[in-house]
Amino acid sequence: MHTEASDSIVYSDEKVSRPATLRLVRETNEKPQLSSREIEVLLAWFDADSKEAAAARLYISAATVSTHVTRIRVKYAACGRPAKTKSSLFARAVQDGYTRLEDW
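Sequential numbering of the sequence shown, starting at 1, is according to full-length UniProt numbering.
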């Protein structure tokens, strides 16, 4: 993640405006608020070998899975809790109660 001209945040290839990012979380280090669809996509991706496999299960494109995952990562980064890998994102999801180790 890096900033450009202080009015946007770039994470991966997706640019998100700073005001939009700030609305995603209320203060640093809190749990990001993921939508029910983001959680559904995230859990399907955790359970799949690839974004393509998760997409097939959800009847969406792999690009849509990637978009959801990127937005989730932006939310975590905005909280000061970046999750750049699948395993670190899984750890964050467990920490925040979006899933449990017992479910896997």
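Ideal Cβ positions, reconstructed from N, Cα and C, are used throughout, including at glycine.
How big is the Cα-Cα spacing for residue i and residue j?
| i | j | result |
| --- | --- | --- |
| GLY97 | ALA91 | 10 Å |
| LYS86 | GLN33 | 18 Å |
| ASP49 | VAL74 | 22 Å |
| THR67 | SER35 | 13 Å |
| GLU102 | ASP47 | 13 Å |
| VAL69 | LEU89 | 9 Å |
Taking residue i as the reference, which of the options has the closest Cα?
| i | options | result |
| --- | --- | --- |
| ALA83 | LEU42, SER36, ASP49 and SER50 | LEU42 |
| GLU30 | SER88, GLN95, ASP47 and THR67 | GLN95 |
Could you tell me whether any Cβ in chain B is nearer than 8 Å to the Cβ of residue i?
| i | result |
| --- | --- |
| VAL74 | Absent here is chain B; the protein component of the structure consists of one chain. |
Leaving out five residues before and five after residue i in sequence, what residues of the same chain have Cβ atoms less than 7 Å from its Cβ?
| i | result |
| --- | --- |
| VAL65 | VAL41, TRP45, LYS51, ALA54 and ALA55 |
| ILE39 | TYR98 |
Should residue i be labelled buried (16 or more other beta-carbon atoms within 10 Å of its own) or exposed?
| i | result |
| --- | --- |
| ARG100 | exposed |
| ARG71 | buried |
| ARG37 | exposed |
| ALA93 | buried |
message: Does the contact criterion of 3 or more C-beta pairs under 8 Å hold for the segment 57-69 versus the segment 77-84?
response: No: fewer than three Cβ pairs fall under 8 Å.
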